[in-house]
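Student: Below you'll find the structure I mean.
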């Protein structure tokens, strides 16, 4: 595709406005955007230190993430890909700079060769750069690239199925979540078959128990009918439902490794109006997962213990203020971890519910507590252990700005980013509703004596008078609605109905 052939390929006239716009788009993508893309990759590659320790590399990625406005994991991946593109795929990068290889295609190449060795990447680079890129469609390019990576990467050092074992949780927008298990095909198939075999055994046991109940047997327990669905329906549960129960309710064996016997704790933040059923504002699970108000009420109803965190009803600010002491109170820790549910370092996604640490932003002065940073929620934030260690070492330095409404972050002495302090979104959103209900209550209280006096003095119509007015309104509405006279001519006044005189 060239500027001379684009009109014919797009089936538009050579001198049409569409052809001019298409040529402009093509030229911009092959020159300006391609040059900016390549320049950014080279700058990111220069900041990548493959030999850096895990903690140092993470702090460097934090600075890059602040510039890219990206999470730290994404910034790290982007740096690594840029380094690979510059060092292992120089020919393809040159094709991008020349405008022959689209930047999106090169990103796809980078993702495809992540598990290959440097030598294998060089082979892919040589092959792809030699293709007639202008003549390839996107689908054909993806197909050829997958074939090439499979061919050259069949012995990749980091691409073995065993190295890809992983379990991850993805939260969906419809109040559901997905547990994904990745591993070698034989292992996953074996797990699936064992789970299926166990589910079928439970289903058979349920069927047998229901048959005994139908025959009149007493005190028969239906296996794994934890919610009573099978007993209520008189039918065994589906295999899918049983598989889910076996996965989520079975005891996890650890081969003798002791597991602390503490109950699983879910951090669920619910507005009191939603809890009472007055509002449908969503709750928040573990600080990052919105859930419907109905689900939040159900979870609260089943919870044996509630923890109250007292906040201002309008601003959501923490109300009890501790004395000048280094260690925050338990209520203060609860509040901070509910507001800062993930590490406060911009771009970090590590959650703080179970493994986070609460830290002073302005350092606490142990010798003179009144001179140092106070132990208040305004001067506290949550950090993951890695970034807490980096702050202790002096590599990360936060500073409250804008009267406590923002935090400026510096990395190795250079200010990189300023972010707004987390606020309780639900409370702020419902503040207007709180105020409206309160004003309504005050108005009713203020005017109650007036309404009572008007009722005593017969200022309001009696039920009989109200019914008469309603009949009179209905009579007029029917008269004027049924008018079918000439357009633009108003209908004459109606004659008084026979049932009564008009009420005036």
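In my numbering, the protein residues as written are 17 to 520. Cβ atoms here follow ideal geometry from the backbone N, Cα and C, with glycine treated the same way.
1) Go ahead and pull the three-state DSSP assignment for residue 187.
2) Taking residue 423 as part of the beta strand (DSSP E), name the residues at either end of that continuous run.
3) Return the CA-CA distance between residue 138 and residue 420, expressed in angstroms with no decimal places.
4) Contact between the stretch 139–157 and the stretch 179–187 is defined here as three or more beta-carbon pairs at a separation below 8 Å; is this criterion met?
5) Between which residues of its own chain and residue 272 is the CB-CB distance below 6 Å, once the five residues before and five after are set aside?
6) Within the continuous beta strand (DSSP E) that includes residue 268, where are the two ends?
7) Taking the alpha-carbon of residue 165 as reference, which of 193, 130 and 38 has the nearest alpha-carbon?
8) Assess, as a yes-or-no matter, whether the stretch 31–50 is touched by the stretch 397–409 under the definition of 3 or more beta carbon pairs within less than 8 Å.
9) Can you give me the Cβ contacts of residue 221 inside the same chain, cut-off strictly under 6 Å, excluding the 5 residues immediately before and after it?
10) Here's a check: name, in chain order, each residue in its chain whose Cβ is nearer than 7 Å to the Cβ of residue 506, leaving out the five neighbours to either side.
11) Taking only the alpha-carbon atoms, compute the straight-line gap between residue 203 and residue 308 and give it to the nearest angstrom.
12) What are the partner residues of residue 373, as DSSP defines its beta bridges?
13) If contacts are defined as beta-carbon pairs under 8 Å, then residue 113 and residue 54 qualify, I think. What distance do you get, rounded to the angstrom?
14) Are the beta-carbon atoms of residue 375 and residue 407 separated by less than 9 Å?
15) Residue 203 by DSSP, collapsed to three states: which one?
16) For the stretch 154–168 and the stretch 108–128, state whether three or more C-beta atom pairs, one from each stretch, are separated by less than 8 Å.
17) DSSP on residue 173, reduced to helix/strand/coil?
18) Could you tell me the distance, in whole angstroms, from the CA atom of residue 196 to the CA atom of residue 462?
19) Classify residue 118: buried if its beta carbon has 16 or more other beta carbons within 10 angstroms, exposed otherwise.
20) Can you check the stretch 79–136 for any alpha helix (DSSP H) of at least 4 residues that lies completely inside it and give the ranges in chain order?
21) Out of curiosity, what's the CA-to-CA distance linking residue 226 and residue 209?
22) Please confirm whether residue 262 and residue 242 have their CB atoms less than 9 Å apart.
23) Output yes or no for whether 9 Å exceeds the beta carbon distance between residue 348 and residue 391.
24) Rounding to the nearest angstrom, what Cα-Cα distance links residue 102 and residue 156 in this structure?
25) When DSSP builds the beta bridges, which residues end up paired with residue 316?
26) In or out: residue 252 buried (at least 16 other Cβ within 10 Å) or exposed?
27) Cα-Cα, which of 378, 189, 140 and 257 is closest to residue 212?
28) Could you check if residue 283 is buried or exposed, using at least 16 other CB atoms within 10 Å of its CB as the buried criterion?
29) If I'm right that residue 398 touches residue 82 with Cβ under 8 Å, what's the distance once you round it to whole angstroms?
30) Could you work out which residue in 235, 44, 116 and 228 is closest to residue 151 when comparing CA atoms only?
31) From residue 65 to residue 104, what does the alpha carbon distance come to, in whole angstroms?
32) What does the Cβ neighbour count give for residue 108, buried or exposed, with the cut at 16 atoms within 10 Å?
33) Determine the direct distance from the alpha carbon of residue 249 to that of residue 436, and round the result to whole angstroms.
34) Taking the continuous alpha helix (DSSP H) assigned at residue 245, which residues delimit it?
35) Grab the span of the beta strand (DSSP E) containing residue 494 for me, first residue to last.
36) Taking all protein chains shown into account, decide if residue 412 is buried (16 or more other Cβ within 10 angstroms of its Cβ) or exposed.
Tutor: Reading off the structure:
1) strand
2) 422–427
3) 51 Å
4) no
5) none
6) Per DSSP, residue 268 belongs to no beta strand (DSSP E) and is neither H nor E.
7) 130
8) no
9) 239
10) none
11) 36 Å
12) 399
13) 5 Å
14) yes
15) helix
16) yes
17) Low confidence applies to residue 173: its pLDDT is 42, below 50, so where it sits in the model is not reliable, and the reading given next is rough at best. Coil at residue 173, not helix or strand.
18) 60 Å
19) buried
20) 88–104, 106–114 and 119–128
21) 26 Å
22) no
23) yes
24) 25 Å
25) DSSP, once it has assigned bridges, lists no residue as partnering residue 316.
26) buried
27) 257
28) buried
29) Actually they do not touch by this definition, with Cβ atoms about 18 Å apart.
30) 116
31) 15 Å
32) buried
33) 52 Å
34) 245–249
35) Unbroken run through residue 494 is the alpha helix (DSSP H), 479–497; no beta strand (DSSP E).
36) buried
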